[in-house]
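**Q**
Quick look at the structure:
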């Protein structure tokens, strides 16, 4: 097993989400004296003008000697052809950089398993590393044996018999070590592997701040807008549009809260879910004077510039978990109306993750910080 901080390790990172990316950057920087790092941003819908990749590519203080991006935009049968084309690109990449460890946020990624298959043909000492990607590390993934069996069979036939179907992310035989924000809360199958803690201080270094600021600038968040965010009292994370439809009276409750917050002179910022239909679906900026952040900007990159007195309100999501982990000095709360059947389903998950619950937006006014 490759020990943390073992000299001369060659580590290939395969992030696919913004959280994956931020964790990969932080991990690579923290271990830079002991390893050589490269990165492939996999399964991306947009590869022509991908902000995260562009920043990585131009970042002078990057811990990665080389970065690459692969597409994940095809659908149906075309996805198989797209992935096989990506396989050829990745094969050349690891030929030039024979990684001793491959780090990923989900071992269900076919690119990861293909590269592990390739590398283990040439070396028995190659390891897969699982880097925490949030919710599934702690809530698990419901196992549906027939669906999983069919999916596994199709993957084996489409790509190769090296495919493994993990019961939940981070638990396949490819994974030898896991890096987690909260190892003691992880599902048992992950805890059965050697686990290491992702440290909050990794995300507070000058080089991480530099990377985050470069991303913010590319998304159009100026230094002036960033300074405004440092004076925000409440930051609201709007759920997925489909979930809003299932939450009885969500919009009305939000509007009542914003009306009262405006009357009390509270400064509020709002970020819509990435799947929202427009910049400001509910016209909250015009109606209540709130600050609206780009919906396609990952919240993980906003966290570093928020003041410790800010209160973050959200529903059950990896984003709220990330806020709790990356900024433990900030109050992060799940707004859970327990009379709502849809919302009530998630109470156990929230309790497991140690996230505090309030019954309504208005409960914030009773908090003192």
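Residue numbers (our numbering): 116 to 484. Ideal Cβ positions, reconstructed from N, Cα and C, are used throughout, including at glycine.
1. Quick one: what does DSSP say residue 311 is sitting in, helix, strand or coil?
2. Just curious, the beta strand (DSSP E) that residue 244 is in, first and last residue?
3. Give me, in chain order, the residues of the same chain whose beta-carbon lies closer than 7 Å to that of residue 162; leave out the 5 immediate sequence neighbours on both sides.
4. Quick one: is residue 116 buried, meaning 16 or more other Cβ sit within 10 Å of its Cβ, or exposed?
5. Might you give, ordered along the chain, the residues of its own chain that have their beta carbon closer than 7 Å to the beta carbon of residue 376, omitting 5 neighbours on each side?
6. Is it buried or exposed for residue 278, if we count other Cβ within 10 angstroms and need 16 for buried?
7. CA-CA distance, residue 365 and residue 347?
8. Going by other Cβ atoms of all chains shown within 10 Å of its Cβ, with 16 needed for buried, is residue 243 buried or exposed?
9. Given residue 202, which residues of its chain have a CB within under 7 Å of its CB, disregarding the five upstream and five downstream residues?
10. Report yes if the C-beta distance between residue 245 and residue 214 is below 8 Å; otherwise report no.
11. Pairs of beta-carbons, one from the segment 250-269 and one from the segment 283-293, closer than 8 Å: are there three or more?
12. Can you tell which of 287, 466, 434 and 240 has the C-alpha that lies nearest to the C-alpha of residue 132?
13. Report the option in 314, 318, 317 and 291 whose CA atom is closest to the CA atom of residue 305.
14. Could you tell me if residue 312 is buried or exposed, where buried requires 16 or more neighbouring beta carbons within 10 angstroms of its beta carbon?
15. Taking 8 Å as the limit between beta carbons, can you name the residues of its chain near residue 415, skipping five residues before and five after?
16. Taking the DSSP output, what are the residues bridged to residue 227?
17. Give the single residue among 287, 173 and 303 whose Cα lies nearest to the Cα of residue 330.
18. Using DSSP bridges, identify the partner residues of residue 253.
19. Out of 125, 247, 157 and 130, point me to the one whose CA is closest to residue 147's CA.
20. Taking the continuous alpha helix (DSSP H) assigned at residue 438, which residues delimit it?
21. Can you give me the C-alpha to C-alpha distance between residue 303 and residue 252, rounded to a whole angstrom?
22. Assuming residue 300 contacts residue 467 (C-beta within less than 8 Å), just tell me the rounded distance between them.
23. Round the Cβ separation of residue 205 and residue 320 to the nearest angstrom and send it over; I've been treating them as touching at under 8 Å.
24. Using the C-alpha atoms, what's the distance from residue 326 back to residue 170?
25. What residue does the alpha helix (DSSP H) around residue 326 start on, and which one ends it?
26. So, at 7 Å on beta carbons, what are the nonlocal neighbours of residue 288 in its own chain, with the 5 sequence-adjacent residues on each side left out?
27. For residue 406, list the residues DSSP reports as bridge partners.
28. Exposed or buried, what is residue 192 when buried is set at 16 or more other beta-carbons lying within 10 Å of its beta-carbon?
29. Compare the beta carbon distance of residue 428 and residue 403 with 8 Å and say whether it is the shorter of the two.
30. Which ranges would you report for the beta strand (DSSP E) in the segment 134-220 if only whole runs of at least 3 residues count?
31. Taking the alpha carbon of residue 225 as the point to measure from, which residue in 412, 165, 479 and 276 has its own alpha carbon closest?
32. Whole angstroms are fine: how far does the CA of residue 418 sit from the CA of residue 165?
33. Put residue 128 into one of helix, strand or coil per three-state DSSP.
34. Distance check for residue 464 and residue 356, CA to CA, integer angstroms please.
35. Are the beta-carbon atoms of residue 388 and residue 410 separated by less than 8 Å?
36. Taking DSSP's pairing of strands, which residues face residue 294 in a bridge?
**A** On the basis of the coordinates in this document:
1. strand
2. 242-246
3. 184 and 186
4. exposed
5. 349 and 383
6. buried
7. 22 Å
8. buried
9. 229
10. no
11. yes
12. 434
13. 291
14. exposed
15. 133, 134, 137, 434, 437 and 441
16. According to DSSP, residue 227 bridges with nothing at all.
17. 173
18. In the DSSP output, where bridge partners are listed per residue, residue 253 has none listed.
19. 125
20. 433-441
21. 10 Å
22. 7 Å
23. Rounded, the Cβ-Cβ distance is 30 Å, inconsistent with contact.
24. 8 Å
25. 321-333
26. 279
27. 384
28. exposed
29. no
30. 150-159, 179-186 and 216-219
31. 276
32. 21 Å
33. strand
34. 21 Å
35. yes
36. 246 and 311
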